[in-house]
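Chemist:
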Amino acid sequence: MTPAERIERLRREIREHDHRYFVLADPIISDYDYDLLMKELQSLEAAHPDLISADSPTHRVGGAPLSAFPPVRHPIPMLSISNTYDTAEVRDFDRRVRDLLVDTDPPAYVVELKIDGVAVSLRYEDGLLKSGATRGDGVQGDDITANLRTIRSLPLGIPVEHPAFARVEVRGEVYLPHTRFEKMNRLRSERDEPLFANPRNAAAGSLKLLDPRQVAERPLQAFIYFLRFEDEPAALAANSTLDSHYRRLEWLAGHGFPANPNSRRFDTIENAMTYCDEWEQKRDALPYDIDGMVIKVDSVRLQERLGATLKSPRWVVAYKFKARRAVTKLKDIHLQVGRTGVVTPVAILEPVLLAGSTISRATLHNEDEIRRKDIRAGDTVFIEKGGDVIPKVVEVDLSQRPADTQPFDMPSTCPVCGSTLVRSDTEVAVRCENTVCPAQVQARIEHFASRDAMDIDGFGPAVTEQLLAEGLIHDIGDLYTLTREQLSALERMGEKSADNLLRSLDASKNQTLDRVLFGLGIQHVGERAARQIATHFRSVEAVMNANPETLVAIPEIGPAIAESLARFFHNPIHRAIVEKLRHAGLSMTLPEPAPRPPDTGMPLSGKIFVLTGTLQRYSRDEATARIEALGGRVTSGVSKKTDFVVAGEDSGSKLRKAGELGVSVLDEEAFEKLLVTDDAQPSQMELKLD
Ligand code: IVH
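Numbering-wise (the numbering used here), the sequence shown opens with residue 111 and increments by one.
Okay, structure coming up:
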């Protein structure tokens, strides 16, 4: 056998084993034997660099870490699908479909599990994986090709039996199975890294990592549920059974893609719904999360005829499961003091299994809520986990209430520092106003270090608590003074972890101004507001010296944020913290973005837009994304340079200014026309839109 033949054979075998292991869950060789095959292939490829190819299993993890993901435009927009929790609405869906297809037989439906993960799209050209992207805003996503290549259940190459099958787009869901998720969180907890709230967040966070080598260590998996050929007519001519979505799922499975084995085809909506009910009962038995079922018209030709509304295709509906409930005993009500001093009551529960995880705490929101539901320590309660993560107490089973329970009373002093709690007239929350309350200090430091703020890996609750207890830090400003000796002397912290932590601290010095502002934990200043403020001022000095009037002139910044920000920086304690950070070498700036090349050939290249008022069909973000996807730019203030002002309802001063300067004004209808007529030519793959 020539080296070329041996290499080809090894690749084939390894692909087959990957498929058996990751897709079929039916491995036939040991990990050891697998590693031997892989090593042999690696050394042969090293000896014959001319024989290396992009779809070799040795090439899953490659390339240097990126600094950001390039944007990509989806050739077929990734629309969302309409959701329902209600069987009557599923029947309405069926009726609408049949009304639109009066001249044909009633359509068959395919029912699939709705995987609770992250939607991705992959393009194969000449059988090779060319690119992969996140959904993004549906029009434009992030190019995450390198990360998707690391998912071993996704083929890097597929057989092409016919030229019509050479270029395809597939879509699916990247997810983490429960066991892998729990293991990952266990490891993170040992390393004192912030935990992921659920498998979906963990999958999303993993795909957003800029270093593919790190992604490869996350045990991500995928299911593919959508297939479009670039040349649909030719593909259908080559194989007419591919008119059926169900057959497409089989085609996908036959070409090495992970297709979910639980998809079924039904002749009537009633049978389809029965199948949905079955899974609503059985879903806890699955090793991954699903949040409902998806019902699709089987015929692809009919799908195309049905087309889509602006928001979602008409041939598919998601039947979402209702939140699951569990019954347990509420042992006690604890009070938790957050970083802004808000005191939140928390239910301490008899641990109970709900939706695959053990729940022992649930939020009770505030005193009013507890009163309204009359929740008492000792009660038997129903808890629910909705689409989101934090379980809540929804109802008390009064028939089970013991005789000696007492209504809940909010104490008048902080459970941590003892200072008097304050209740303002404007909010239900009760606050500890002692800014040096140890609970607040700890929560503020944790927030500063958290992933969405300064992202200091290894600086979690356990480390923070020890450092505070030892008196090594007192506020955020002290983090950067920590030494290797101080850190490695901490319990459960070796020299290696100390070095890692110092490295993360050092790396965080370059975090941009928006993250610093968010990390400082200023009341009302969330990530979005921080970004707007940072984009306007670009340096921390400028923010510190801004007065409320200049602040409210920034888009999306209202008086509450402006005042809170001004008050924060008026406080000498906070100014001192920023001074310490500057002294430690933090940059705390937001560099100006590189100017875009004036004409990149996109329909709206070089055009400057200002959005004002409320649009009916687009949020600000969506409108901005649409404009940017076509090469345009959105700015906040109207000037002579502005090309268009898009004016929704209740437009105010910006509309007036446009009039004064003679800038073109578009209403929503005109704006939409511009997006459509200036849109790139729809490709053959594009689904029909209204
Ligand atoms: S079909 C045009 N099928 O659910 C095709 N989506 O809430 C539209 N999802 O964005 C998607 N499992 O991320 C489809 N079997 C499945 C799915 C599925 C999960 C996700 C997908 C979609 C979201 C809609």
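Glycine included, C-beta positions come from ideal geometry on N, C-alpha and C.
Give the straight-line distance between the Cα atoms of Ile-117 and Arg-692, rounded to the nearest whole angstrom.
Modeler: If you take the alpha carbons of Ile-117 and Arg-692, they lie about 56 Å apart.
Chemist: Arg-201: which of Thr-255, Ala-256 and Ala-382 sits nearest, CA to CA?
Modeler: Closest option to Arg-201, Cα to Cα, is Ala-382.
Chemist: What is the DSSP secondary structure of Thr-197, reduced to helix, strand or coil?
Modeler: The answer is helix: DSSP assigns Thr-197 an H, G or I state.
Chemist: Does the distance between the C-beta of Ser-534 and the nearest non-hydrogen atom of ligand 1 fall short of 7 Å?
Modeler: Result no, Cβ not under 7 Å from ligand 1.
Chemist: Are there any heavy atoms of ligand 1 lying less than 7 Å away from the beta-carbon of Tyr-335, as far as the coordinates show?
Modeler: Flag set: Cβ of Tyr-335 near ligand 1.
Chemist: Can you determine whether any heavy atom of ligand 1 sits closer than 7 Å to the C-beta of Pro-371, and answer yes or no?
Modeler: Every heavy atom of ligand 1 is 7 Å or more from the Cβ of Pro-371, so no.
Chemist: Would you decide whether Gln-391 is buried or exposed? Buried here means 16 or more other CB atoms lie within 10 Å of its CB.
Modeler: By the neighbour-count rule (16 or more Cβ atoms within 10 Å), Gln-391 is not buried but exposed.
Chemist: Using CA atoms only, rank isn't needed, just tell me which of Val-526, Gly-227 and Gly-488 is closest to Gln-516.
Modeler: Minimum Cα distance to Gln-516 is reached at Gly-488.
Chemist: Across the stretch 227-239 and the stretch 262-277, are there enough close Cβ pairs to call them in contact, namely three or more that are closer than 8 Å?
Modeler: Taking 8 Å as the limit for Cβ pairs, the verdict is that the stretch 262-277 does touch the stretch 227-239.
Chemist: Could you tell me which residues DSSP puts in a beta bridge with Cys-547?
Modeler: Answer is none; Cys-547 lacks a bridge partner.
Chemist: Tell me the DSSP secondary structure of His-184 in three-state form.
Modeler: Looking at His-184 - three-state DSSP - the assignment turns out to be coil, as it is neither helix nor strand.
Chemist: Can you tell me whether DSSP reads Met-603 as helix, strand or coil?
Modeler: Three-state DSSP puts Met-603 in coil, outside helix and strand.
Chemist: To the nearest angstrom, report how far apart Ala-670 and Asp-226 are at their CA atoms.
Modeler: Those two C-alpha atoms are separated by around 36 Å.
Chemist: Could you check which residue in Met-712, Ile-737 and Pro-167 has the C-alpha nearest to that of Val-720?
Modeler: Considering only alpha carbons, the answer is Ile-737.
Chemist: Which full runs of the beta strand (DSSP E) of 3+ residues lie inside the stretch 215-276, going along the chain?
Modeler: Listed in chain order, they are 219-225, 228-235, 238-244 and 250-252.
Chemist: Does Ser-534 come out as helix, strand or coil in the three-state DSSP assignment?
Modeler: Ser-534 falls in the coil class under three-state DSSP.
Chemist: From what residue to what residue does the beta strand (DSSP E) around Gln-331 run?
Modeler: Counting along the chain, the beta strand (DSSP E) containing Gln-331 begins and ends at 331-339.
Chemist: If we count the other Cβ atoms within 10 Å of its Cβ and call it buried at 16 or more, is Ser-153 buried or exposed?
Modeler: The residue in question, Ser-153, is exposed, as its Cβ has fewer than 16 Cβ neighbours within 10 Å.
Chemist: Measuring straight from C-alpha to C-alpha, what distance separates Leu-330 and Asp-567?
Modeler: Computed Cα separation, rounded: 21 Å.
Chemist: Does Lys-798 pass the burial test, meaning 16 or more other C-beta atoms within 10 Å, or should it be called exposed?
Modeler: For Lys-798, the pLDDT reaches just 33, beneath the cut-off of 50, and the residue's location in the model is therefore unreliable, although a value from the coordinates is still provided. Its Cβ having fewer than 16 others within 10 Å, Lys-798 is exposed.
Chemist: Please list the terminal residues of the continuous beta strand (DSSP E) segment that includes Met-403.
Modeler: Looking at the DSSP string, the run of the beta strand (DSSP E) that includes Met-403 is 400-407.
Chemist: Specify the secondary structure class of Gly-742 as computed by DSSP and reduced to three states.
Modeler: It is coil, neither helix nor strand.
Chemist: Thinking C-alpha only, which one of Ile-379, Ala-332, Ile-718 and Ala-617 is nearest Ala-363?
Modeler: Nearest option by C-alpha distance: Ala-332.
Chemist: Take Ala-780 as the anchor and find which of Ala-768, Ala-735, Leu-725 and Arg-766 has the nearest alpha-carbon.
Modeler: That would be Leu-725, whose Cα lies nearest to the Cα of Ala-780.
Chemist: If we call anything under 8 Å between Cβ atoms a contact, is Glu-479 one with Met-520?
Modeler: Cβ atoms of Glu-479 and Met-520: not closer than 8 Å.
Chemist: Taking Cβ positions, are Glu-414 and Tyr-335 nearer each other than 8 Å?
Modeler: Cβ distance not < 8 Å, so Glu-414 and Tyr-335 don't count as in contact.
Chemist: Do you know offhand how far Gly-417's Cα is from Tyr-219's?
Modeler: Taking the straight line joining both Cα atoms gives about 16 Å.
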